[in-house]
Amino acid sequence: MRILILGANGFIGSHLVERLLDATDWDVTAFDLNGDNLDAFASSRRFAFTKGDIFESDGWIDARVRDHDIVLPLVGVAKPAYYVTHPVRTFELDFEQNLKIVRMCVAHRKRVIFPSTSEVYGMSPDAELREDASPLTVGPISEMRWIYSASKQLMDRVIAAYGQEEGLRYTLFRPFNWIGPRLDTFEDADTGSARSITQFAHDALTHRRITLVNGGAQRRSFTYIDDGIDGLVAILKNEDGRAEGQIFNIGNPANNASIRDLAELLLDVMREFPAFRDAARETQLVDQPAAQFYGAGYADMQNRTPSIEKITNLLGWRPKVSLREAVRLTLSAMVPHD
Ligand code: UGA
692 MRILILGANG FIGSHLVERL LDATDWDVTA FDLNGDNLDA FASSRRFAFT KGDIFESDGW
752 IDARVRDHDI VLPLVGVAKP AYYVTHPVRT FELDFEQNLK IVRMCVAHRK RVIFPSTSEV
812 YGMSPDAELR EDASPLTVGP ISEMRWIYSA SKQLMDRVIA AYGQEEGLRY TLFRPFNWIG
872 PRLDTFEDAD TGSARSITQF AHDALTHRRI TLVNGGAQRR SFTYIDDGID GLVAILKNED
932 GRAEGQIFNI GNPANNASIR DLAELLLDVM REFPAFRDAA RETQLVDQPA AQFYGAGYAD
992 MQNRTPSIEK ITNLLGWRPK VSLREAVRLT LSAMVPHD
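Numbering (my numbering), first residue to last: 692 to 1029.
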């Protein structure tokens, strides 16, 4: 089988490449603006990397879509701080550029596995979010944060519509706060734009205070990247066609925790690492209103817990990694090596 991954250098892409080369005999073609996370795979005969910009590579991508079996368009921005400062770019990348790829999959009759997001549920009132039943609820236009959610939701709808009208073979997956090595960089965190776990680790290790936006009572279901990749591989394998035309949440309901819990757990686990012990002891938590931290246009959801009944029943997937272990594995990758 031949797999094309666009945006392969990112968090999900680079972990997926690693797994596919380790655990399958499939060929992987990767495309990205940068390749630094993929250097380790350069010697594999089943791996090819091309550097390029999705805005300017239509001919090359179209030819690759034609000669591969499955396409994963993973190019996109996924940081809330970016949605509110660059909403147009968020739409262009997450919607427009990916729509182009989806249409190539329709034209060449290729299977597409598309990253939807837990953010499509927005402020859904459901205690457990269900792929085929929960309402998708976003706020007013002035809350620019929702442009990401709305772009992703429309893409989900367009893909399903192509499935219905043109027979596009697709699966949508919705990651719930996947965490692990390479989620974001400390350069992102220097400007306060990394996602929570990376931002917190950076803040502690650079002797800053950890900021709890609006007090940190809001909750997420943190999912370790290896569990997420297990789910994604089950979708790719598609045994008996059970992933066809489906939407799957991939998240860990057992790891539902408040942002304050996450910060406290992170500091606690940091104490297990001699290199991080002093920083952990000195770091303080401070509350800050969202408008001050993110600027205007930010909005938030108070809780987000996935139902995973569907992916468990259809694909036999279950997450295994506890939040403490996920934090430990994420921190391990940050230990400086001499
Ligand atoms: C994320 C991103 O939108 C995407 O990565 C993705 O689509 C989706 O959700 C997901 O991974 O499931 P969010 O859950 O808000 O959004 O991710 P974070 O940026 O990690 O923020 C989590 C919470 O921590 C938010 O309430 C935020 O306000 C808070 N936060 C973040 C802080 O309190 N302090 C910080 O320094 C950073």
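The C-beta atom is built at its ideal place from N, Cα and C for all residues, glycine as well.
Annotated three-state conformation of Q993 is coil, per DSSP.
Within the DSSP bridge table, the entry for S912 names N947 as partners. F782 places its beta carbon less than 8 Å from that of S842. For the ligand UGA, a non-hydrogen atom lies closer than 7 Å to the CB of R886. DSSP assignment within the region 837–863 yields the following whole alpha helix (DSSP H) runs of 4 residues or more, N-terminal first: 837–857. Collapsing the DSSP output to three states places Q975 in coil. Its chain contains L1005 and L1006 as the residues whose beta carbon lies nearer than 7 Å to that of R933, once the 5 sequence neighbours on both sides are disregarded; these appear in chain order. Taken from the Cβ of G830, every heavy atom of the ligand UGA lies 7 Å or farther away. Residue range F738 to K742 is occupied by the beta strand (DSSP E) that includes K742. Counting of Cβ neighbours within 10 angstroms places I832 among the exposed residues, the total staying below 16.
Taken through DSSP and simplified to helix, strand or coil, V762 comes out as strand. In this structure, F805 places its C-beta atom within 8 Å of the C-beta atom of Y861. Excluding five sequence positions before and after A733, the CB atoms of its chain that fall closer than 8 Å to its own CB belong to F740, given in chain order. Looking at the backbone, the Cα of L927 and that of D978 are separated by about 42 Å. Between the alpha carbons of F786 and E973 lies a gap of roughly 43 Å. Contact check between the region 740–754 and the region 855–875: fewer than three CB pairs, one atom from each, fall below 8 Å, which does not count as touching. The C-beta separation of E834 from G986 comes to about 12 Å, leaving the pair out of contact by the 8 Å criterion. T902 sits in a strand when the DSSP states are folded into three classes. The residue from S998, R821 and G942 with its alpha-carbon nearest to that of S1013 is G942. Not one heavy atom of the ligand UGA lies closer than 7 Å to the C-beta of Y773.
When DSSP states are grouped into helix, strand and coil, W751 belongs to the helix group. Taking 8 Å as the cut-off, the beta carbon of D753 is found closer than this to the beta carbon of M795.
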